[in-house]
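Each residue of the sequence shown is one higher than the one before, counting from 181 in the numbering used here. A short write-up of the structure that comes next.
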Amino acid sequence: MFLAAQLLLCSPFASAQAVSGAINGTVLDMTGAVIPDANLTITDRDRGAIYRIKSDAQGNFSQTHLLAGNYQLKLESPGFAAFVANASVQVDATTRVDATIAPTGKRTEITVTTETPLLISDRAEIETTLTGPEIEALPVLDRNVRNLVPLIPGAQLNSWQHGISENPQQGVNVNVNGQVFPSNGFLLDGTENHSAILGIAVINPSLDSLQDFKVSTSNYDAEFGSAAGALVQATTKSDTNQIHGSLFEFLRNSAANAADPFTLQNPPLRWNQFGGSFGGSIRKDRIFVFGDYQGIRRRTGGSLITTVPTQAERNGDLSGLLGQYMCADGSVSSTNCASPAP
């Protein structure tokens, strides 16, 4: 109990790592001159949180530690009309909103889209970010988000993979930019998620739980210096005021499988992958909850060709194996036939 109390008391002072985004920009008038001390109100449209800041002497403003989601920015300054902008924020990314405000009597309203610009001038990082809706819309093998990493430019699937007995989380070994897979780094909600023994992610979150999935392959921030290959960051949903959920089940079986060409058998297979998620607010704008579950049930079989030893072979006499032939009808003969055994 004492340890739990200490964690609760210390949690507000813990510094988050790569679990939030930011909004920044510059306030200008119609002539291009900067406007200092402008009042800015940033409202989280999903959770109701409100942030109030001012532009500095150069007209610049910045609000960090924003959860991923949709925001409204309202700018007010004496003698100028109100400026309203809607913007989306992603994890470990900065959304830029430059405001040009008009004199009193005019209202300016813009929408900042989530499209990635052709040139990002404020960071040298090379990265690919997928949002939750994008991940859910993509066809992902086994609903395993790690199978998206080999699609990133510079990534190559390693020819050797861990066995399922030591890798139940279905991690994928991927070499990035010439670095072997243990050189990759993994973060989950800003927490270290890298197995020092296997070189893969320890926890592999389900698709329904992801807010953002980001893979950085070059020039990432110095705080992530432990990675030499790719830096894979997964952020789970913190949820919103809107109540929502999902249910799913995927089935594979042997009904449409081809028979084994050697045994002429179709081994049984039944794969059930099922689960769901639920999220919403317990108290509007204050307390949120989100949970998800995914289960896999697999039943499979196999086929093989074998022979039953004869009595002579059981007694140690293997001479009957010399000079035998496999005939076209599948029988074994000590005399020559049309199809000699290899």
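Here a beta-carbon is modelled for each residue, glycine too, at the ideal position from N, C-alpha and C. Note that this is a predicted model, so its numbers are computed, not measured.
*Unbroken alpha helix (DSSP H) runs of length 4 or more, entirely within the region 308-369: which are they?*
As far as the region 308-369 is concerned, its whole alpha helix (DSSP H) runs of at least 4 residues are 312-317.
*Could you check the C-alpha separation between N421 and K464 for me, to the nearest Å?*
Within the sequence shown, residue 421 is the residue found at index 241, counting from 1. Within the sequence shown, residue 464 is the residue found at index 284, counting from 1. Take the alpha-carbon of N421 and the one of K464: they are about 6 Å apart.
_Reference S426; option with closest CA among G201, I222, S386_ = As a working mapping, residue 426 is identified with position 246 in the sequence shown. For the set G201, I222, S386, the Cα lying nearest the Cα of S426 is the one of S386.
*From the DSSP output, in three-state form, read off E583 for me.*
Residue numbering for the chain in the displayed model covers 181 to 522; residue 583 lies beyond these limits and cannot be assessed.
*Between the C-alpha atoms of S200 and N384, what's the straight-line distance to the nearest angstrom?*
Within the sequence shown, the letter at position 20 stands for residue 200. Within the sequence shown, the letter at position 204 stands for residue 384. Whole-angstrom Cα-Cα distance: 20 Å.
_Candidates G471, N446, N433, I467, of which the one nearest R477 by Cα_ = As a position in the sequence shown, residue 477 is number 297, starting the count at 1. Of the residues G471, N446, N433, I467, the one whose Cα lies closest to the Cα of R477 is N433.
*Give the DSSP-derived three-state secondary structure of T294 in the structure shown.*
Along the sequence shown, one-based indexing puts residue 294 at 114. Confidence in T294 is poor, its pLDDT being 49 and thus under 50, which makes the residue's placement too unreliable to answer from.
_What ranges does the alpha helix (DSSP H) occupy inside the region 202-244, keeping only unbroken runs of at least 4 residues that lie completely in it?_
Complete alpha helix (DSSP H) runs here, min 4: none at all.
*F468 to A435, Cα distance in whole Å?*
The residue you call residue 468 lines up with position 288 of the sequence shown. The residue you call residue 435 lines up with position 255 of the sequence shown. Rounded to the nearest whole angstrom, the C-alpha separation of F468 and A435 is 44 Å.
_From the DSSP secondary-structure annotation, give me the bridge partner or partners of F454._
The residue labelled residue 454 in the question sits at position 274 within the sequence shown. Beta-bridge pairing links F454 to E429, G475.
*So what does A402 bridge to, in DSSP terms?*
Position 222 of the sequence shown, counting from 1, holds the residue named residue 402. Checking the DSSP bridge columns, you'll see A402 has no partner listed.
*asked:* Between which two residues does the beta strand (DSSP E) holding K254 run?
replied: Taking the sequence shown and counting its residues from 1, one reaches residue 254 at position 74. From DSSP, the beta strand (DSSP E) with K254 extends over 249-256.
*Note down the Cα distance separating P447 from R494, rounded to an integer number of angstroms.*
Numbered from 1 along the sequence shown, position 267 holds the residue referred to as residue 447. Numbered from 1 along the sequence shown, position 314 holds the residue referred to as residue 494. The straight-line gap from Cα to Cα measures roughly 30 Å.
*asked:* Between which residues of its own chain and C190 is the CB-CB distance below 8 Å, once the five residues before and five after are set aside?
replied: Here residue 190 refers to the residue found at position 10 when the sequence shown is read from its first residue. With a pLDDT of 43 at C190, under the threshold of 50, the modelled position of this residue cannot be trusted, and the question is left open.
_Residue of D440, Q413, A439, S499 minimising C-alpha distance to A273_ = The residue labelled residue 273 in the question sits at position 93 within the sequence shown. In terms of CA proximity to A273, Q413 leads the group D440, Q413, A439, S499.
*Excluding sequence positions up to five away, which residues of its chain have a Cβ less than 6 Å from the Cβ of G228?*
The residue you call residue 228 lines up with position 48 of the sequence shown. In the same chain as G228, and ignoring 5 residues on each side of it, the C-beta atoms closer than 6 Å to its own belong to D465, in chain order.
_Supposed contact pair V269 and G249 - C-beta distance, whole angstroms, cut 8 Å_ = Here the question's residue 249 lines up with position 69 in the sequence shown. Here the question's residue 269 lines up with position 89 in the sequence shown. Indeed, because the Cβ distance is near 6 Å, the residues count as touching under 8 Å.
_Which same chain residues end up closer than 6 Å to D278 when comparing Cβ atoms and leaving out the 5 residues on each side of it in sequence?_
Sequence index remark: in the sequence shown, residue 278 carries index 98 (1-based). Same-chain partners within the cutoff: G205, T206.
*Can you give the Cα-Cα distance for G460 and D226, rounded to whole angstroms?*
As a first step, residue 460 is located in the sequence shown; it is residue number 280 there, counting from the start. As a first step, residue 226 is located in the sequence shown; it is residue number 46 there, counting from the start. Between G460 and D226, the C-alpha separation is close to 10 Å.
*Nonlocal neighbours in the same chain, by C-beta distance under 6 Å from D440, ignoring five residues either side*: The residue you call residue 440 lines up with position 260 of the sequence shown. In its chain, beyond the 5 residues on either side, S483 have a beta carbon closer than 6 Å to the beta carbon of D440.
*Opening and closing residue of the beta strand (DSSP E) in which S268 lies*: Here residue 268 refers to the residue found at position 88 of the sequence shown. Where S268 is concerned, the enclosing beta strand (DSSP E) starts and stops at 263-269.
_DSSP-derived helix/strand/coil call for S418_ = For the purposes of this step, residue 418 is taken as the residue at position 238 of the sequence shown. The answer is coil: DSSP assigns S418 none of H, G, I, E or B.
_For F361 and N353, believed in contact at Cβ under 8 Å, the rounded distance_ = Counted from its first residue, the sequence shown places residue 353 at position 173. Counted from its first residue, the sequence shown places residue 361 at position 181. About 4 Å separates the two Cβ atoms, so the contact holds.
*Taking T311 and D369 to be in contact with their CB atoms under 8 Å, please state how far apart those CB atoms are, rounded to whole angstroms.*
Along the sequence shown, one-based indexing puts residue 311 at 131. Along the sequence shown, one-based indexing puts residue 369 at 189. Rounded, the Cβ-Cβ distance is 16 Å, inconsistent with contact.
*asked:* Measuring straight from C-alpha to C-alpha, what distance separates L449 and Q341?
replied: Position 269 of the sequence shown holds residue 449. Position 161 of the sequence shown holds residue 341. For the pair L449 and Q341, the Cα-to-Cα distance works out to about 23 Å.
*Write down the C-beta distance between G365 and A407 rounded to the nearest angstrom, noting that I regard them as a contact closer than 8 Å.*
As a position in the sequence shown, residue 365 is number 185, starting the count at 1. As a position in the sequence shown, residue 407 is number 227, starting the count at 1. The C-beta distance from G365 to A407 rounds to 3 Å, short enough to meet the 8 Å contact threshold.
*Would you list the one or two residues that DSSP bridges to S396?*
To locate residue 396, count along the sequence shown from 1; it is residue 216. Residue pairing for S396: DSSP places it in a beta bridge opposite E307, L411.
*Do L411 and L367 come within 9 Å of each other at the CB atom, strictly closer than that value?*
Taking the sequence shown and counting its residues from 1, the one referred to as residue 367 is at position 187. Taking the sequence shown and counting its residues from 1, the one referred to as residue 411 is at position 231. Yes. Within cutoff.
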